[in-house]
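Residue numbers (the numbering used here): 1310 to 1650. Just so you know, even glycine gets a beta-carbon here, dropped at the ideal spot from N, CA and C.
Following this line, the structure appears as structure tokens:
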């Protein structure tokens, strides 16, 4: 074997090897559901623990979104005009803007849950034992535009412990229970963040299992070609999207793409792009101090008048009226305790 160039100096002892670690940090790729949740202003608050036994039934008043998980035992979920659901250990549910009853049996007369929690605070025992234990929390969507997401949710989403993907979900529930009982600093904040993750998991479950006709625009997330176009629209809301451009992203003909998009999302592609642009505009008006002109320009409008017409068409009010109406914001409340308002 040839010796390297003699002009180079080679030490008799092995040279010290220096290792460098290179870490490439990239921003995570967003997706349409994450974008919608960001604009909706998702906030969660872990609120109550309930232990119950014997014969019992509690009625819970409606709030935006209420979450419960059965940590021990079994019970029944009753919602008006829906069949009663038998819940077992590890099952959880999200109820949207609907009163509901939790009970030991399907036909027991219920009392208001607020009467029980008013005396016990964040943890309550009801009935003649503790065979059943539930953790509960609330999820609030604080943006005015959040109603569009709430309107797409059924009265209740139930996830059974035996469902597919239950292992990762069970881990979240175990962590939530552990943090709830923890005395460590930041435990309450951890509970709230875990509850946010559980809610997003529940949404994923709903998107993957519900009938496509019941999902509206969420149905587009189940179609890879449509989801890719939605991601592109969300990533560049200021762009004047054309049908041909979107069809090219989907790798489809214009007519085929337009028909598929309408069937999955419930809106024409250009209409969806316009509505998303106006949702972004509403979020910027609500959450920034930028002037209406600045918001309009940032979304590709050359005049405030054109922006105002498009905004009113989607939101039913002018940009200025919308901004003034956002002063009263929704905040998460303890859903089972009497309101102070």
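query	result
Who pairs with residue 1598 in a beta bridge, going by DSSP?	DSSP, once it has assigned bridges, lists no residue as partnering residue 1598.
Among 1509, 1487, 1401 and 1625, which residue has its Cα nearest to the Cα of residue 1449?	1509
Residue 1417 and residue 1368: beta carbons closer than 8 Å?	no
Are residue 1359 and residue 1433 close, meaning C-beta to C-beta below 8 Å?	yes
Is residue 1439 closer than 8 Å to residue 1362 when the C-beta atoms are compared?	yes
Does residue 1540 come out as helix, strand or coil in the three-state DSSP assignment?	helix
Ends of the alpha helix (DSSP H) at residue 1610?	Note, residue 1610: premise wrong, no alpha helix (DSSP H); not H, not E.
For the region 1375-1384 against the region 1451-1467, do three or more pairs of beta-carbon atoms, one drawn from each stretch, fall closer than 8 Å, so that the two count as touching?	no
Can we say the region 1579-1588 touches the region 1542-1557, given the rule of at least three CB pairs closer than 8 Å?	yes
Report the rounded CA-to-CA distance for residue 1478 versus residue 1615, giving the unit in angstroms.	47 Å
For residue 1539 and residue 1518, I'd like the C-alpha separation in whole angstroms.	20 Å
Relative to the C-alpha of residue 1441, which residue among 1403, 1469, 1482 and 1398 is closest?	1398
Would you mind stating whether residue 1507 and residue 1524 have Cβ atoms separated by less than 8 Å?	no
Ignore the nearest five residues each way along the sequence and tell me which others in residue 1503's own chain have a CB closer than 7 Å to its CB.	1481, 1484, 1485 and 1488
Quick one, are the C-beta atoms of residue 1579 and residue 1526 less than 8 Å apart?	no
Which same chain residues end up closer than 6 Å to residue 1333 when comparing Cβ atoms and leaving out the 5 residues on each side of it in sequence?	Any reading at residue 1333 needs caution, since the residue's pLDDT is 49, under 50, leaving its predicted position unreliable; the model's value is listed next. Counting only Cβ-Cβ distances below 6 Å, and skipping sequence neighbours, we find nothing.
Assign residue 1400 to buried or exposed, taking buried as 16 or more other Cβ atoms, counted over all protein chains shown, within 10 Å of its Cβ.	buried
Following the continuous beta strand (DSSP E) through residue 1406, name the residue where it begins and the one where it ends.	Counting along the chain, residue 1406 falls outside any beta strand (DSSP E), and DSSP gives it neither H nor E.
Name the residue from 1625, 1382 and 1576 whose alpha carbon lies nearest to the alpha carbon of residue 1470.	1382
Between the Cα of residue 1352 and those of 1457, 1501, 1406 and 1435, spot the shortest distance and give me the residue it belongs to.	1501
Excluding the 5 residues flanking residue 1565 on each side, which residues of the same chain have their C-beta closer than 6 Å to its C-beta?	none
Going by C-alpha to C-alpha distance, which of 1427, 1531 and 1554 sits closest to residue 1541?	1554
Put residue 1585 into one of helix, strand or coil per three-state DSSP.	helix
Do you know offhand how far residue 1458's Cα is from residue 1347's?	12 Å
What residues in its chain sit with their C-beta under 6 Å from that of residue 1394, if we drop five residues either side in the sequence?	1386 and 1467
Across which residues does DSSP place residue 1526 in a beta bridge pair?	Per DSSP, none; premise fails for residue 1526.
Spell out the partners DSSP gives residue 1383 in its beta bridges.	1397
Determine the extent of the alpha helix (DSSP H) in which residue 1552 is found, giving its start and end residues.	1552-1559
Determine the burial state of residue 1560: buried for a count of at least 16 other Cβ atoms within 10 Å of its Cβ, exposed for fewer.	exposed
Quick one, are the C-beta atoms of residue 1342 and residue 1530 less than 8 Å apart?	yes
Quick check on residue 1363: does DSSP put it in helix, strand or coil?	coil
How is the beta strand (DSSP E) around residue 1447 delimited, first residue to last?	1441-1450
In this structure, what does DSSP give as the bridge partners for residue 1468?	1401
Nearest to residue 1402 by CA position, among 1443, 1420, 1427 and 1419, is which residue?	1443
Verify whether the separation of the beta carbon atoms of residue 1412 and residue 1419 is less than 8 Å.	yes
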